[in-house]
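Protein chains in written order, with this note's numbering: chain A, 1 to 328; chain B, 329 to 581.
Using N, Cα and C, we set each Cβ at its ideal position, and we do this for glycine too.
Treat the numbers as computed from the prediction; the structure is a model and nothing was measured.
Below is one structure, written out as structure tokens, with a few remarks after it.
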Amino acid sequence: MKALHLMLLLGLAILAFGFNLLVGRDGSLLAALMQVARGETSLGTQILVELRLPRSLLGALVGAGLGTSGAALQGFFRNPLADPGIVGVTASSGLGAVVALYFGLTSLSLLMVPIAATLGGLVGVSALLLLAGPRASSTTLILSGVAVSAVASAGTALLMNLSPNPWALAEIAYWLMGSLADASWNEVRFATPLILVGLLILVLVRNDLDPLSLGEETARSLGVNLPRLRLAIVLGSALAVGGGVAVAGAIGFIGLVVPHVLRPFVASRPTALVLPSALAGAALLNLADLGTRLLSGPGIPLYLGVLTALLGAPFFVWLVRRQQGRAL
Amino acid sequence: MTRLVLHNVSARYEGALALEPASLEAEAGRVVALVGPNGAGKSTLLRLAGGLLMPETGSVALDGQPLATLSDRARARRIAYLAADQAVAWSLQVERLVALGRAPFLQPLRRLSERDTDAITQAMRTADIAHLADRRVDTLSSGERARAQLARVLATRADVVLLDEPIAALDPRHQLRVMDIVRAIAKQGALVIMAIHALDLAVRYADEIVVMADGHIRASGPAGTSLSPDLLAEVFGICIDGGLQPNSARLID
Chain A
1 MKALHLMLLL
11 GLAILAFGFN
21 LLVGRDGSLL
31 AALMQVARGE
41 TSLGTQILVE
51 LRLPRSLLGA
61 LVGAGLGTSG
71 AALQGFFRNP
81 LADPGIVGVT
91 ASSGLGAVVA
101 LYFGLTSLSL
111 LMVPIAATLG
121 GLVGVSALLL
131 LAGPRASSTT
141 LILSGVAVSA
151 VASAGTALLM
161 NLSPNPWALA
171 EIAYWLMGSL
181 ADASWNEVRF
191 ATPLILVGLL
201 ILVLVRNDLD
211 PLSLGEETAR
221 SLGVNLPRLR
231 LAIVLGSALA
241 VGGGVAVAGA
251 IGFIGLVVPH
261 VLRPFVASRP
271 TALVLPSALA
281 GAALLNLADL
291 GTRLLSGPGI
301 PLYLGVLTAL
311 LGAPFFVWLV
321 RRQQGRAL
Chain B
329 MTRLVLHNVS
339 ARYEGALALE
349 PASLEAEAGR
359 VVALVGPNGA
369 GKSTLLRLAG
379 GLLMPETGSV
389 ALDGQPLATL
399 SDRARARRIA
409 YLAADQAVAW
419 SLQVERLVAL
429 GRAPFLQPLR
439 RLSERDTDAI
449 TQAMRTADIA
459 HLADRRVDTL
469 SSGERARAQL
479 ARVLATRADV
489 VLLDEPIAAL
499 DPRHQLRVMD
509 IVRAIAKQGA
519 LVIMAIHALD
529 LAVRYADEIV
539 VMADGHIRAS
549 GPAGTSLSPD
559 LLAEVFGICI
569 DGGLQPNSAR
579 LID
């Protein structure tokens with residue numbers, strides 16, 4: 001990707017961050033921003049600093065994690081249909097988080113939810129690797145993802161089934177729909193280190209993805225350490241996705257759409273796709289979150305995961321159809 | 329001087345012995361052709377020679393050093409490998425594909441060096457694909473893609489070049505061209521081991537022919553002598569009137 005494109009993407013990510021920070025249904029918080037700059041406090045500055053700022057920061061981080069792991073998973077599986085949601089990482093992370101919520105592990109430490117979500121993601125990606133294998137065709141990959149998702153969703157449903165009271169049930173259900181509405185600085189503190197470490201791992205191994213497009217054996221002949229790469233992909237995507245799921249719930253399709261849109265700009269190189277996908281993921285998630293805030297009615301919130309699924313699912317259908325056309 | 333020694337190597341796939349203990353020695357400047365029916369163990373022997381498959385028994389050594397002790401990158405700089413499966417997952421540009429041959433030399437965060445770009449340009453010229461540099465690999469014919477993959481192998485400038493049926497997808501003219509290239513890189517000091525089905529080309533271009541069947545090395549020796557009529561009948565189940573003659577086709581400019 002050309003430096004100019006990267007700068008444009010960075011600009012877009014910053015712009016989306018700024019919009020999500022300042023724009024709302026009741027007008028902009030520009031005045032509050034001025035007050036913050038002057039050191040004054042008001043209701044506006046409190047909303048800005050205590051609600052919107054952590055929310056937009058999380059939007060950027062969670063989006064970057066989803067976009068990057070989408071790009072890395074697609075490169076690793078050599079398949080444009082790989083996405084944390086579709087291959088079951090999101091659902092497994094969700095199960096991990098729900099386990100932590102259900103068994104009250106949060107009383108030990110608030111960190112337990114992100115940690116459990118990451119562990120869930122780890123189990124999910126590992127199961128996927130075992131089921132699909134790295135040479136999986138699109139069909140095998142999707143079916144394995146469906147299987148992993150199904151098991152994780154069944155576990156989540158079981159815990160909801162057994163939940164002691166309707167409030168706990170509702171909490172889990174809303175949380176699963178995906179939202180940044182409850183974002184506070186606490187969430188930022190928990191998710192940031194996990195997502196950043198995940199991003200770092202994926203970015204560090206991205207050079208191995210280009211040789212891998214020639215197949216595993218040829219990649220090894222070109223010096224790629226496959227077991228290490230596999231471990232890095234599993235760990236990196238579990239951290240980058242799990243950290244996000246822990247604080248924002250299940251947000252699908254970002255990791256599918258972002259790499260696909262950027263691919264023409266990097267001449268289809270999987271290695272070159274990783275960094276731009278972080279920036280574009282950050283931009284897209286903040287824009288989507290802004291969308292949910294603007295579209296939400298009074299007292300009837302539109303959930304972020306619902307919006308991305310409504311927009312992303314038709315795109316997925318289109319992509320599958322195009323894949324079929326190619327195979328024939 | 330480069331010297332590759334496979335000593336009593338055997339290999340197993342899913343429990344079944346794919347290669348009985350076999351030994352092979354080759355040195356720089358030589359072209360060794362592996363011939364034999366499908367499933368004879370040629371690809372397995374190449375994978376063992378390239379350190380891509382751990383031998384069940386025996387050992388492989390490059391210049392006296394066991395391959396297993398080399399790092400992946402160090403091995404990749406010295407041994408280049410062209411797999412029989414030449415599929416490319418993404419719609420990469422041909423020049424990018426060839427540049428992957430330099431992957432073992434790339435440092436993180438650094439761009440291609442002048443040495444890298446030289447190797448890439450020259451490899452594309454040698455493989456006759458310079459005019460395809462900007463094309464996407466999925467728009468190439470199978471012959472063009474095979475040459476692009478060959479260029480990728482050449483770009484590594486490795487001491488040992490392992491080729492698994494490099495001419496299977498090529499027309500007669502490009503078969504000759506590729507064999508000329510193979511001869512040329514051997515002359516420049518590389519050791520080439522190639523699996524090949526075209527016996528007449530093997531006899532014409534190789535210094536040594538290794539005949540394989542059913543996971544065994546049945547015979548090996550200079551090109552003129554190792555493929556006797558008896559062996560042809562036994563291993564391939566064919567007989568050739570007048571005996572096996574070297575291919576005599578010539579390129580017309």
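As assigned by DSSP and simplified to three states, the class of residue i
i: residue 349 (chain B); result: strand
i: residue 464 (chain B); result: strand
i: residue 210 (chain A); result: helix
i: residue 533 (chain B); result: helix
i: residue 492 (chain B); result: strand
i: residue 174 (chain A); result: helix
i: residue 435 (chain B); result: coil
i: residue 336 (chain B); result: strand
i: residue 373 (chain B); result: helix
i: residue 573 (chain B); result: coil
i: residue 382 (chain B); result: coil
i: residue 550 (chain B); result: strand
i: residue 74 (chain A); result: helix
Within-9 Å CB hit, residue i to chain B
i: residue 328 (chain A); result: With a pLDDT of only 35 at residue 328 (chain A), under 50, the local geometry of the prediction cannot be trusted, and the value read off the model is given with reservation. With 9 Å as the cut-off, residue 328 (chain A) does not count as an interface residue toward chain B.
i: residue 269 (chain A); result: yes
i: residue 224 (chain A); result: yes
i: residue 213 (chain A); result: yes
i: residue 210 (chain A); result: yes
i: residue 256 (chain A); result: no
i: residue 78 (chain A); result: yes
i: residue 331 (chain A); result: The structure shown does not extend to residue 331 (chain A), since chain A spans only 1 to 328, so no value can be given for it.
i: residue 204 (chain A); result: yes
i: residue 263 (chain A); result: yes
i: residue 5 (chain A); result: no
Cβ-based neighbour list, residue i, same chain, cut-off 6 Å, excluding 5 preceding and 5 following
i: residue 493 (chain B); result: 412 and 523
i: residue 209 (chain A); result: 75, 270 and 271
i: residue 93 (chain A); result: 117, 120, 121, 241, 242 and 245
i: residue 102 (chain A); result: 159
i: residue 455 (chain B); result: 475, 478 and 479
i: residue 144 (chain A); result: 128, 131 and 132
Neighbour flag for residue i against chain A, beta carbons, 9 Å
i: residue 409 (chain B); result: yes
i: residue 487 (chain B); result: no
i: residue 429 (chain B); result: yes
i: residue 393 (chain B); result: no
i: residue 388 (chain B); result: no
i: residue 383 (chain B); result: no
i: residue 484 (chain B); result: yes
i: residue 424 (chain B); result: yes
i: residue 494 (chain B); result: no
i: residue 469 (chain B); result: no
i: residue 419 (chain B); result: yes
Cut-off 8 Å between Cβ atoms - residues of its own chain near residue i, not counting five sequence neighbours on either side
i: residue 328 (chain A); result: Low confidence applies here, because residue 328 (chain A) scores a pLDDT of 35, under 50, leaving its location unreliable and the question unanswered by this model.
i: residue 571 (chain B); result: 557
i: residue 237 (chain A); result: 69, 72, 73, 84, 89, 121, 125, 198 and 202
i: residue 500 (chain B); result: 577
Which listed residue (the options) has its alpha carbon closest to that of residue i
i: residue 553 (chain B); options: B:569, B:536, B:545 and B:395; result: B:536
i: residue 252 (chain A); options: A:17, A:80, A:88 and A:102; result: A:88
i: residue 403 (chain B); options: B:377, B:427, B:361 and B:550; result: B:377
i: residue 485 (chain B); options: B:440, B:528 and B:433; result: B:433
i: residue 397 (chain B); options: B:410, B:380 and B:444; result: B:380
i: residue 364 (chain B); options: B:579, B:580, B:520 and B:547; result: B:547
Residues near residue i in its chain [Cβ-Cβ closer than 7 Å; skip 5 each side]
i: residue 336 (chain B); result: 349, 351, 385 and 386
i: residue 533 (chain B); result: 359, 507, 510 and 511
i: residue 371 (chain B); result: 412, 492 and 523
Cutoff 9 Å: residue i Cβ touching any chain D Cβ
i: residue 218 (chain A); result: The structure shown contains no chain D; the protein chains it does contain are A and B.
(message) Is it the case that the segment 414 to 422 of chain B contacts the segment 503 to 515 of chain B, given that we only count it when at least three CB pairs across the two stretches are under 8 Å?
(response) no
(message) Taking contact to mean 3 or more Cβ pairs, one atom from each stretch, closer than 8 Å, check whether the segment 278 to 297 of chain A and the segment 44 to 62 of chain A are in contact.
(response) yes
(message) Is it the case that the segment 295 to 312 of chain A contacts the segment 354 to 363 of chain B, given that we only count it when at least three CB pairs across the two stretches are under 8 Å?
(response) no
(request) Evaluate contact between the segment 85 to 101 of chain A and the segment 211 to 229 of chain A, counting only Cβ atoms and requiring at least three cross-stretch pairs below 8 Å. (result) no
(request) Kindly confirm or deny that the segment 301 to 313 of chain A and the segment 166 to 180 of chain A touch, where touching means at least three C-beta pairs closer than 8 Å. (result) yes
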